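J.: First the structure, then my questions, so here it is.
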Amino acid sequence: MPDQARREENAERGTRNAELVQRARDVAGCAYAPYSHFRVGAAVKDANGVVYVGCNVESASYGLSMCAERNAIFAAVAAGGPRPFTALAVSCLDAGGGCTPCGACRQVVFEHLAADAAVYVDGVGQFTPPELLPRAFTLEAAES
Ligand SMILES: [Zn+2]
5 MPDQARREEN AERGTRNAEL VQRARDVAGC AYAPYSHFRV GAAVKDANGV
55 VYVGCNVESA SYGLSMCAER NAIFAAVAAG GPRPFTALAV SCLDAGGGCT
105 PCGACRQVVF EHLAADAAVY VDGVGQFTPP ELLPRAFTLE AAES
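Start counting at 1 in the sequence shown, then tack on 4, and there's your number in this note's numbering.
Structure, rendered in structure tokens:
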């Protein structure tokens, strides 16, 4: 399949769960991003189908900033949402070509979402957690 066709097909799949993607877009409008001007929203669905949202929240002390994906997942955990979570949508209002989760968020996504969960990246495509983070860190002893 030519690259362009693959990109278009993947981008279409990335918005297949339109409602979850819309929740991510909506909450991105609440982002506090005066430094990066990069507003991101995320919506995660728990095992019962309940949706929790998060947006990025920055700090003048940059290292204290928190991404939308982790804010959404942590909100779901704090609310007692049953794990593993089944789907996540991420949307950035200010990235022309969409933006995929950062490395730290990929680790958290890997830990809290099912291995076959759908991660919809608005404008980019649909992925599973292992596709986003192959060979993720775990505390399990490596098999020898
Ligand atoms: Zn992140």
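For glycine and all other residues, C-beta sits at the position ideal for the given N, C-alpha and C. Just so it is clear, the structure is predicted and the values come from calculations on it, not from any experiment.
In chain order, what residues of the same chain have a beta carbon less than 8 Å from the beta carbon of V55, not counting five sequence neighbours either side?
T.: Excluding residues within five positions, the ones whose Cβ falls inside 8 Å are L24, R27, A47, V48 and K49.
J.: Comparing alpha-carbon positions, which option in A93, Q111 and P105 lies nearest A122?
T.: The shortest Cα separation from A122 among A93, Q111 and P105 belongs to A93.
J.: Let me confirm a value: P105 is counted as buried when at least 16 other C-beta atoms fall within 10 Å, else exposed. Which label applies?
T.: P105 should be labelled buried.
J.: Pull every residue with its beta-carbon under 7 Å away from any heavy atom of ligand 1, and keep them in chain order.
T.: Any residue whose Cβ sits closer than 7 Å to a heavy atom of ligand 1 makes the list: C71, E73, R74, P105, C106, A108 and C109.
J.: V31: which of P86, R139 and G45 sits nearest, CA to CA?
T.: For the residues P86, R139 and G45, the minimum Cα distance to V31 belongs to G45.
J.: Go through its chain and collect everything with a Cβ distance to G100's Cβ below 6 Å, but skip five positions before and after it.
T.: Excluding residues within five positions, none has a Cβ falling inside 6 Å.
J.: Just the Cα atoms here: how many angstroms apart are Q130 and L136?
T.: Cα to Cα, Q130 sits roughly 10 Å from L136.
J.: Buried or exposed: where does L117 fall if 16 or more other Cβ atoms within 10 Å of its Cβ makes it buried?
T.: Buried, by the Cβ-count rule.
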